[in-house]
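Residue numbers (this note's numbering), protein chains in the order written: chain F, 1 to 190; chain B, 1001 to 1190. Ideal placement from N, C-alpha and C gives every residue a C-beta, glycine not left out. A short worksheet on the structure shown next.
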């Protein structure tokens, strides 16, 4: 579990006792490619920390799937809108590749916050980071052009072309697949 | 300062010592109608707690102001995307009415988290609430029709018609002012 330890240690000191608590409360879980982490209409019961693999966030609108985010190695995966108030989710999350994640339940996460030294502080700091990232991503749909969204996506996922099918990239950029080809052509000319 | 005390006490016990810390670190501030709480391009240095009044969040796109949120009495006001990483804001916030708020600086908020008993816990819980609310509002732009957004806005602000000019309501609903009149007519027929 070195990866999550390191990630938590970025925010607060993580000693032997803290590692024990974290190892006890998180469980390793495998998600086959295409397997859901969360389905629309269900309550999000877990937060995951991705060790290996890739997850896709999407929502269904007028019968059409709209992809709006990808989470990858060393990132947290959850839908906080459903997880925090424990209400049904409007969004779905699924594995785009065979994925390994350490997952924690709602109750165990609260236990982690209260039992781990600096647990609340860690929770607050991680939440701030996740919050800002989510807001920046959502705002980007308003303020950025599809070109800019594509470039930001490339920055976050330099291995984008290899790992993510074109129609998911197009959906996340907010264009039709044929427009994405034009964007890629334009950008490659610069 | 009873209003913020009560709001904080919803999350964690707030005794005499905590009240002292809160009173010391927050400052009462008046914003005249039209006065900015935060300007695009500036770093958001404060979080405010509104006692009286109303604030409007907006961004400028192609030279046009887009209103996307209103904060009112007993609500926090800040742009966390700018406040948390202390980077320039893409959004502006201004007082829509003469507004009184208790404000706290970035450094003092961190002092509050670390010195107040359960300060980190309070921070985490408030952040969760603010986070979920912000996500729900932003998502509503994707998943809801203008009618639905208008109805949600009415729920959050039952005194909407009296307090908020029609063009700001229209902008926040995502339609032109003339379309808003049609929406209001349709809804009043039900």
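Where does the unbroken beta strand (DSSP E) through residue i begin, and where does it stop?
i: residue 45 of chain F; result: That residue, residue 45 of chain F, is in no beta strand (DSSP E); it is neither H nor E in DSSP.
i: residue 1164 of chain B; result: From DSSP, residue 1164 of chain B is part of no beta strand (DSSP E); its letter is neither H nor E.
i: residue 81 of chain F; result: Careful: residue 81 of chain F lies outside any beta strand (DSSP E), inside the alpha helix (DSSP H) at 80-83.
i: residue 1038 of chain B; result: 1036-1038
i: residue 192 of chain F; result: Examination of residue 192 of chain F is not possible in this model, given that chain F is present from 1 through 190 alone.
For residue i, which option in the options has the closest C-alpha, if you only look at C-alpha atoms?
i: residue 26 of chain F; options: F/50, F/10, F/33 and F/41; result: F/50
i: residue 1043 of chain B; options: B/1152, B/1082 and B/1168; result: B/1082
i: residue 165 of chain F; options: F/119, F/111, F/132 and F/97; result: F/97
i: residue 1038 of chain B; options: B/1004, B/1059 and B/1093; result: B/1093
i: residue 54 of chain F; options: F/168, F/148, F/115 and F/113; result: F/168
i: residue 84 of chain F; options: F/142, F/116 and F/46; result: F/46
i: residue 1062 of chain B; options: F/87, F/28 and F/145; result: F/145
i: residue 21 of chain F; options: F/114, F/99 and F/179; result: F/114
i: residue 149 of chain F; options: F/161, F/124 and F/170; result: F/170
i: residue 1106 of chain B; options: B/1124, B/1078 and B/1132; result: B/1078
i: residue 1188 of chain B; options: B/1136, B/1151, B/1159 and B/1156; result: B/1151
i: residue 206 of chain F; options: F/52, F/89 and F/5; result: What the structure shows of chain F is the stretch from 1 to 190, and residue 206 of chain F is not part of that stretch, so it cannot be assessed.
i: residue 147 of chain F; options: F/182, F/125, F/109 and F/159; result: F/182
i: residue 163 of chain F; options: F/174, F/186, F/108 and F/99; result: F/99
i: residue 143 of chain F; options: B/1067, B/1005 and B/1001; result: B/1067
i: residue 176 of chain F; options: F/65, F/5 and F/19; result: F/65
i: residue 1157 of chain B; options: B/1178, B/1071, B/1019 and B/1117; result: B/1071
Please list, in chain order, the chain F residues whose beta carbon lies closer than 8 Å to that of residue i.
i: residue 1008 of chain B; result: Correct list: empty, because the minimum Cβ distance to chain F is about 15 Å.
i: residue 1113 of chain B; result: 121 and 124
Could you give the first and the last residue of the continuous alpha helix (DSSP H) run that contains residue i?
i: residue 968 of chain B; result: The structure shown does not extend to residue 968 of chain B, since chain B is modelled only from 1001 through 1190, so no value can be given for it.
i: residue 1061 of chain B; result: Where residue 1061 of chain B is concerned, there is no enclosing alpha helix (DSSP H), although the beta strand (DSSP E) it sits in stretches over 1054-1061.
i: residue 23 of chain F; result: 16-25
i: residue 1004 of chain B; result: 1002-1009
i: residue 64 of chain F; result: Unbroken run through residue 64 of chain F is the beta strand (DSSP E), 64-72; no alpha helix (DSSP H).
i: residue 114 of chain F; result: 106-115
i: residue 1146 of chain B; result: 1146-1156
Between residue i and residue j, how many whole angstroms is the CB-CB distance? I'm expecting something under 8 Å.
i: residue 91 of chain F; j: residue 35 of chain F; result: That pair is no contact at about 16 Å.
i: residue 1069 of chain B; j: residue 1057 of chain B; result: 4 Å
i: residue 1138 of chain B; j: residue 138 of chain F; result: 4 Å
i: residue 1048 of chain B; j: residue 1101 of chain B; result: 4 Å
i: residue 1008 of chain B; j: residue 1017 of chain B; result: Not a contact, Cβ separation roughly 13 Å.
i: residue 130 of chain F; j: residue 76 of chain F; result: 6 Å
i: residue 29 of chain F; j: residue 103 of chain F; result: 5 Å
i: residue 112 of chain F; j: residue 119 of chain F; result: 6 Å
Using a cut-off of 7 Å between C-beta atoms, extract the partners of residue i located in chain B.
i: residue 120 of chain F; result: 1120, 1121 and 1124
Checking contacts by CB at 9 Å: is residue i closer than that to chain A?
i: residue 116 of chain F; result: The question asks about chain A, but that chain is absent: this structure's protein chains are F and B.
Which residues, in chain order, does the stretch 1051-1075 of chain B contribute to contact with chain F at a C-beta distance below 9 Å? 1059, 1061, 1066 and 1068
Of all the residues that make up the stretch 127-142 of chain F, which are near chain B by a beta-carbon distance shorter than 9 Å? 127, 128, 129, 130, 131, 132, 134, 135, 136, 138, 139, 141 and 142
Which of the residues in the stretch 76-93 of chain F, read from start to end, lie with their CB under 7 Å from any CB of chain B? Cβ contacts with chain B come from 80, 81, 84, 85 and 90.
Which of the residues in the stretch 150-171 of chain F, read from start to end, lie with their CB under 9 Å from any CB of chain B? none
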